[in-house]
Structures are given as structure tokens and as C-alpha cells.
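Student: Shown below is the structure under consideration.
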Amino acid sequence: MKLQNISPVFVLAVAITTSLAVEVKVESSIYKAIEDTGKANIFVSFKKNDIHNIRNQITVQTHVTRGDRINSLQEALKSHADTTQAGVLKAINSYRPLQANPTVKISSFWITNQVYIRHVDRELLEQLSTLDDISEITQEQVYTIDNPLGDSTEVRNSSAEPKWGVAAIRAPEVWASGNTGSGVVVATIDTGVRGTHEALRGGFRKEYGWFDPIEATLEPTDDNGHGTHATGTIVGRTNGIGVAPGAQWIACKGCDYKGQCYQSDIIDCAQFVVCPTDANGSFNCSLAPHIVSNSWSSSNENYVNDGIISMFETAEIAVIFAIGNSGPRCRTVSSPGTHPYVISVGAVDSNTAVADYSSRGPSSINVSPQPDVAAPGSNILSALFSGDTIYGEKSGTSMATPHVAGLVALLKSQNMSLTVSEIRRLIKAGAQPIKGSAEPCGGIENKNYPNNAVGYGMVDAPKTIAGSASLNAQVLLKHHEFVAFSLLIFGSLKFLSF
């Protein structure tokens, strides 16, 4: 093995760790990629990984505000990553062939405590595999956006009446009470957003509101259209397209113009969502969104993204995911939509029957029926990226998911103190049975709920909001009971003191 391009520090590290017969688990697909192309994109994970304990400590600690909680989380994770990764980063940066290659990218991620290297060669891979700090080296995954199943002709003018999906979940009935999602911020990790679109420009939170790890643009852009359409359904303010038109949006461009979403960009976006940054890279965790809506996925169910999903949970960010467009076959649900901390969403058509394309459970890694709920996903009219006044229809679970994200915004606006676990429970409890039937999956008849076609049913805005009011009443009752009990005990003790 050639070492003439390696620094003395690297040579010493290799010599020491080789003498200890260190073995690092290297994913076999990495060698195949290098054999085929001469390079591979990898993630380096570390033996000293205390992320789980950090999450637990933050969870049990008392914080004055949610922003304080997230700030403590981010600072602890960043400090842990800086300490854990220092030796490996020094070794990587001393490898001269990397320095001479302009296509190489090295990133340090605090949210997962990993180092990412784009275009690693075989020699560096072998050197890394001898370092004692490293537990495993895995190949970068590439996710895809659940591509819409068809576009309609572009429309410049549309009726101001709520569109059929918005009306089907009865969002206008919640608006009538004065709740349009005000005070809530929703993030998307998608192909970006056409920020100048008339339906979206008024709801954009410009401060710490945009991050593009792919092209480093400074203003919201979208060269695919998927993200613009999805964001319009969540918060669109014109032509009745948005479920929560009073909410604000921020976005991270985690997927490229082809709809491909590289794992490194997704993790970069996850860091931005948990603790937003400005154009200079300055953090402001107090501006983290309340909700993040996603449609990227992998057909292989796994918990590769458990780290970022768990951090969303710790940061009290509700996570919504499309379940996929691989129906009507059973066992076609996608990951990370099946993660227990996620609200997974299937699609119904305009007859409020489960859409043929909507992926079905059961899941291979989650015992609960999947998806969790369903929402309108067929022929959904929303904003298009081709112009500031242009709208069009798309179909898919990617179109259903924003309806649920918008409903969560209404729910959160109704009660800002709701936890993410309470939100998941209320969304499921408020869902209603749907019309029609489909082939049962996983041994659960579709007349029974939850099932593996639509979960608990189609989401219903008024019933979900009513559930929140009921939850408030229960909490208030328990508080009053506690106060009454305390007064009784206090009174008894006072009486005994005489």
C-alpha cells in the first residue's frame, strides 16, 4: 500500500491501529462502486457515538422555551461531533490526492455524527478502514421523490372556491372558526419552491427560511416542480389550494431536478430543519419549524434515517411522509414513511376510495398497519413552478401528504402546546372511514380500522380539531382534580397542625 502521500500523523495512526488488528465494517457495495467507476460516496460512522444519551438527556431536562430545548440539543450534538470526528477529519484532510480533486466533497454532520466523503478512492478507503475511531463505512443512499402520476394542462386562472381535496377534509369549516394556521411554520424537504408564485410568496418566512445544499442558491427556487405543488397544497393563499393558508413556510432543497435525493443532501436539510441557518451559516434554533413534510423515500424498508427522524421527535417537529405510489399490491410501503415517529399518508381519489396507486402495508419493520391515514391525492390542483400565476393538477401520495401537513398546521395553531406524540394520536383519532373497498392486506379486512390500505381512514379537519379541544378539557380536568386534591391535603394538614 502506498503511503508517500499520507502525513506522518496519518502514518502513525495507521501503524498503531493496524497493530491492534482493528477491523472496520465496510459495506460491500462500496468496493463494487469503486471497481466500476474508480470512486464511491461514503459515510463514516464512529464507535464513540453518544447521540442516544444526548437525546435522552435533552428530553428529561427542563427548558423555558422550545427554542431553548433545540438550542441545547444542537450545541450538545455539535460538541460531540467535533470531539468524535476530529482525528478522522485530520487524517482525511491530509490525504493529498483528495486535495487535488475538485469533485471531492467532505462534510461533517452533527445531527447523525457522521463524516461524508464524495468520490473516495480505494486507497483512502483502505486507510480509513484501519482507523480505530471508525465503526463502519457505508455507501451513500439515493432516494427518489414519489413522482406524480400525471400533469394536467396548465391553468392560469382558477376558481377561488376551495379545491376538492381541501373541501373533502373539511378544512373550510375550521377556517370559519378563525383558524387558518396562523403562528405555525411548515418546512418541506423537497425539490425546492418557486418562492415568487402568487400563492406562496406571501407565506414565505424569509428569515432563516431557505437552504439549498445542492446549488447554494440564496432564494427559493424549484427546477422540478414537485416541491412547489406540495407547498401550495399546505399553505397556498390563492385559488383555494391551501389547507392552512395562514401558516408560513420554509424549505430546503434536498432533491435535484431529476427528483433524486442524495442522502448527504437530506441530512444537510435535516440539520437546517432542526436548527435553521442564514446565508452566512449562523444558527437560530428558535426559528425551527413546527412541521416538516416529505415525499422522498426508498423502496427498501430500513432505519437508515432513524437518526434524523429521532432528532425531529426530540425537537418537537411533527414529521409527515408519503407512503409511496407502488399500489395496489400489498407490502409496497416505503421507508422512512413506516417509522413509528412519522405520520405516513396514503391517497384517496375524488370518490374518497383508496387510490389504486397508493402503496399498501403491512410494513416489514413496523407492526402497526401502514399507512397511518389517507388524504385526497388524485387530480389535486396546486401551484406549478412554470410561472407565478400558473396552476395544474397532479396525482400521488405526494399530493395527499401536504393535505395532512396542512391539517397538522391547523391543529397546532389551535393548540400550540400539543406535543408531536399528541399530534400523531389526534390525527389518527380524527380520521374517518372511506367509501369503497380494496383487496385486504396483511390479514386485515378493509372494513376494519386501522387497515393496510388507508390506516385509520381519511383525515377530517373538524373532528381532529374537536379532538384537540377534548384533550384540552381532559388536561384541564386533571389539573383541577390535582388542585382540589392538593387543597384537600393542605387543608387536612392545616387542620392537624392545630
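Residue 289 in full-length UniProt numbering sits at position 289 of the sequence shown, and the numbers go up by one each step. For each residue, glycine too, the CB sits at the ideal point set by N, CA and C.
#1: For E126, tell me which candidate among I92, V142, F109 and P102 has the shortest Cα-Cα distance.
#2: Is N300 buried or exposed, if buried means 16 or more other CB atoms sit within 10 Å of its CB?
#3: According to DSSP, D190 sits in a beta bridge with which residue or residues?
#4: Hey, how far is the Cα of residue 501 from the Cα of L426?
#5: Look at the alpha carbon of A315 and the alpha carbon of R66, and state the distance between them as a whole number of angstroms.
#6: Label K105 either buried or exposed according to how many other C-beta atoms from any shown protein chain fall within 10 Å of its C-beta, with 16 as the threshold for buried.
#7: Report yes if the C-beta distance between N325 and T397 is below 8 Å; otherwise report no.
#8: From F498 to H52, what does the alpha carbon distance come to, in whole angstroms?
#9: Threshold first: 3 residues or longer. Then list the beta strand (DSSP E) segments lying entirely within the stretch 135 to 172, N to C.
#10: Can you tell which of S129, L77, V166 and T389 has the C-alpha that lies nearest to the C-alpha of G307?
#11: DSSP state of R66, grouped into three classes?
#12: Let's test the definition: count the other Cβ atoms within 10 Å of the Cβ of K206 and tell me whether it reaches 16, buried, or not, exposed.
#13: Would DSSP call K463 helix, strand or coil?
#14: Report the start-end ranges of each beta strand (DSSP E) in the stretch 17 to 60 that is 3 residues or longer and not cut off at the edges.
#15: When you compare each of V345, A353 and G337 to S364 by their alpha carbons, which one comes out closest?
#16: When you compare each of V348, E123 and T277 to Y31 by their alpha carbons, which one comes out closest?
#17: Report the three-state DSSP secondary structure of I117 (helix, strand or coil).
#18: Quick test of your reading: G430 and I234, contact by CB under 8 Å. State the CB separation rounded to the nearest angstrom.
#19: On a CA-only basis, which of H403, I134, K258 and A176 is nearest I214? Give me that one, please.
#20: Spatial neighbours of N451 within its chain, please: CB distance less than 6 Å, with the 5 preceding and 5 following residues excluded, ordered by chain position.
#21: Does the beta-carbon distance from Q231 to T188 come in below 8 Å?
#22: Can you give me the Cβ contacts of F272 inside the same chain, cut-off strictly under 7 Å, excluding the 5 residues immediately before and after it?
#23: So, at 7 Å on beta carbons, what are the nonlocal neighbours of W164 in its own chain, with the 5 sequence-adjacent residues on each side left out?
#24: Tell me whether the stretch 453 to 467 and the stretch 432 to 441 touch, counting them as touching only if at least three CB pairs, one residue from each stretch, are closer than 8 Å.
#25: Can you list, in chain order, the residues of its chain with a C-beta nearer than 8 Å to that of L477? Leave out the 5 residues immediately preceding and following it.
#26: Determine which residues share a DSSP beta bridge with L381 and list them.
#27: Which residue marks the beginning of the beta strand (DSSP E) containing R318, and which one marks its end?
#28: Are the stretch 193 to 207 and the stretch 341 to 359 touching, with three or more C-beta to C-beta distances below 8 Å?
#29: Cutting at 6 Å between CB atoms, please list the residues of its own chain near V367, excluding the five before and the five after it.
#30: Looking at the structure shown, is C269 part of a helix, part of a strand, or coil, going by DSSP?
Tutor: Quick look at the numbers:
#1: I92
#2: exposed
#3: K253
#4: Since the first residue shown for the chain is 1 and the last is 498, residue 501 is missing from the structure and cannot be characterised.
#5: R66 has its alpha-carbon roughly 8 Å from the corresponding atom of A315.
#6: exposed
#7: yes
#8: Since pLDDT at F498 reaches only 30, below the 50 mark, its modelled position is unreliable, and no value is offered.
#9: Correct list: 142 to 145.
#10: L77
#11: In this structure, R66 counts as helix in the three-state DSSP scheme.
#12: exposed
#13: helix
#14: 40 to 46
#15: The candidate whose alpha carbon is nearest that of S364 is G337.
#16: E123
#17: strand
#18: Not quite, the Cβ-Cβ distance comes to about 18 Å (not below 8 Å), so this is no contact.
#19: The shortest Cα separation from I214 among H403, I134, K258 and A176 belongs to K258.
#20: P369 and I444
#21: With the sequence shown as reference, residue 231 is identified as Thr, and Gln is not the correct amino acid for it. Cβ distance < 8 Å, so T231 and T188 count as in contact.
#22: F211 and C252
#23: For W164, the CB contacts under 7 Å within the same chain, skipping 5 residues up- and downstream, are S350 and P376 in chain order.
#24: yes
#25: Note that L477 scores 44 on pLDDT, short of 50, meaning its location in the model is unreliable; the coordinates nonetheless yield the value given after this. Taken in chain order, the list of residues that qualify is empty.
#26: E393
#27: One detail in the question is off: residue 318 reads as Ala in this sequence, not Arg. Annotation for A318: the continuous beta strand (DSSP E) segment containing it runs A318 to A322.
#28: no
#29: none
#30: In the three-state reduction of the DSSP assignment, C269 falls in the helix class, which pools H, G and I.
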